[in-house]
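Engineer: Sharing a structure here in structure tokens format.
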């Protein structure tokens with residue numbers, strides 16, 4: 247089996263939104279860095295621009311999303327996804343983030 251080097255993040259789709267005003271302000275973290283703050287409404291799709299997250303010693307990569315209330319600076323945990331190196335060569339993959347929270351996102355990625 248070939249070792250995986252990176253997960254290439256392709257897109258993040260907002261399936262359900264937490265904030266009552268209809269806009270989630272997201273802050274995210276993937277092993278090896280954080281994502282820029284972004285605003286998303288239900289149905290929005292954010293396309294990542296050449297976002298590669300490295301595997302370190304073939305350990306899984308954790309992607310975590312939080313919703314930021316800009317008025318209070320309170321941060322609410324939405325959920326996370328675990329990308330595993332054994333997904334190498336399987337093409338585009340999708341994982342739900344936040345299935346147990348009020349918000350729901352779908353992450354699309356490839357393992358290279």
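Residue numbers (the working numbering): 247 to 358. We put the beta carbon where it would ideally sit given N, CA and C, even for glycine. Every value quoted in this text rests on a predicted model; they were computed, and no experiment measured them.
Quick check on the burial criterion: 16 or more other C-beta atoms within 10 angstroms. Buried or exposed for residue 316?
Structural biologist: When all chains shown are included, residue 316 counts as exposed.
Engineer: Once the 5 residues before and after residue 291 are set aside, which same chain residues still bring their CB inside 6 Å of it?
Structural biologist: 257 and 259
Engineer: Per DSSP, what are the beta-bridge partners of residue 315 in this structure?
Structural biologist: 320
Engineer: Just reading off the beta strand (DSSP E) that residue 304 is part of, what are its end residues?
Structural biologist: If you look at residue 304, you'll find it isn't in any beta strand (DSSP E); DSSP assigns it neither H nor E.
Engineer: Just how far apart, CA to CA, sit residue 268 and residue 348?
Structural biologist: 12 Å
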